[in-house]
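Enquirer: Here you go, one structure.
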Amino acid sequence: MKPLTKLIATGIFGLVITGLIFLLLVSPALSKVASLHEESKSKKTELVTLEQQIRAYQTAEADLSKADQRQKISDSFVTREDLVTAIQGVERSAQLTNTQESKTITDDVENPTKGEKRPAVIVGKKLIEEIPYQLSLKNDYVGTVNFLRYLEHLPQFSEVTEITLSAETESSEAGSIRTGQVLGTIDAVFFVKTYGADE
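To get this note's numbering, take the position in the sequence shown, counting from 1, and add 27.
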């Protein structure tokens with residue numbers, strides 16, 4: 028065999044071997060790399076989508092929380108028709124603490140009073156009315172304090188404007204003696220929402 032033919036045969040053989048190696052080893056590896064690259068791109072897209080969904084969920088959750096808080100605040104204001112609920116809360120507080128109480132409610136809308144109108148506790152409020160009331164109460168010191176605690180934690184919005192407390196006394200031969208009872212007067216207002224306050 029001539030050297031030139033030998034050289035050509037060796038070159039062709041080398042090309043065939045190289046082609047076979049490429050087909051059997053390199054091509055599957057490249058195909059696997061391409062597949063991994065596509066999978067990686069797909070995972071990246073899924074991750075971006077998931078992050079967007081998480082952000083959307085967090086935003087929706089925050090908006091819902093704000094709306095829920097707003098609804099809770101709105102629900103704390105009773106309507107004029109539901110004012111009985113707030114009054115029952117005061118009466119229940121008196122029962123739980125064995126407090127003797129009597130109340131006077133002044134509703135200028137349902138029962139207008141003549142003379143000078145009482146100044147508002149909160150000036151400039153909208154969609155909220157004030158209904159003043161006065162409580163007269165009698166209990167011992169601990170019972171009075173507990174009653175005030177119950178009153179403070181009632182779910183309906185109410186504002187105490189003045190509290191007057193004094194010790195009950197009785198006359199005796201030795202002079203006036205304290206009975207251990209506390210007499211109290213509480214001036215306060217119920218806040219009621221008017222129509223349109225929920226809108």
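By construction, the Cβ of each residue, glycine as well, lies at the ideal position given by its N, Cα and C atoms.
Since the structure is predicted, the reported quantities are computational estimates derived from the model, not experimental observations.
1. May I ask you to verify whether the segment 110 to 129 touches the segment 196 to 203, counting CB pairs closer than 8 Å and requiring at least 3?
2. With a threshold of 7 Å on Cβ separation, who are the neighbours of residue 174 within its own chain once the five nearest residues in sequence on each side are excluded?
3. When DSSP labels each residue in this structure, what does residue 214 get in the three-state scheme?
4. Let me confirm a value: residue 211 is counted as buried when at least 16 other C-beta atoms fall within 10 Å, else exposed. Which label applies?
5. For residue 177, which residues of its own chain have a beta-carbon under 7 Å away from its beta-carbon, when the five flanking residues on both sides are left out?
6. Just checking my contact of residue 157 with residue 117 at CB under 8 Å: how many whole Å lie between their CB atoms?
7. I need the straight-line Cα distance from residue 224 to residue 205, nearest angstrom please.
8. Is it true that the CB of residue 113 sits closer than 7 Å to the CB of residue 161?
9. What residues are listed by DSSP as bridge partners for residue 83?
10. Any idea if residue 213 is buried or exposed, counting beta-carbon neighbours within 10 angstroms, 16 or more meaning buried?
11. Using only CA atoms, which one of 108, 159, 201 and 85 lies nearest to residue 220?
12. With a 10 Å radius around its C-beta and 16 neighbouring C-beta atoms as the bar for buried, classify residue 226 as buried or exposed.
13. On the DSSP bridge list, what partners appear for residue 118?
Expert: Concretely, from the data shown:
1. Too few Cβ pairs lie closer than 8 Å, so no.
2. 120, 121, 124, 126, 164 and 166.
3. Strand at residue 214.
4. Counting the other CB atoms within 10 Å of its CB gives residue 211 a total of 16 or more, which places it among the buried residues.
5. Hits under 7 Å: 120, 123 and 124.
6. Rounded, the Cβ-Cβ distance is 16 Å, inconsistent with contact.
7. For residue 224, the pLDDT reaches just 49, beneath the cut-off of 50, and the residue's location in the model is therefore unreliable, leaving the point undetermined.
8. In this structure, residue 113 does not lie closer than 7 Å to residue 161 by Cβ.
9. DSSP, once it has assigned bridges, lists no residue as partnering residue 83.
10. So residue 213 ends up on the buried side.
11. Minimum Cα distance to residue 220 is reached at 108.
12. Residue confidence is low: residue 226 scores 47 on pLDDT, short of 50, so the model does not pin down where it sits. Its coordinate-derived value is still stated next. In summary, residue 226 is exposed, with fewer than 16 beta-carbon neighbours lying within 10 Å of its beta-carbon over all protein chains present.
13. Answer is none; residue 118 lacks a bridge partner.
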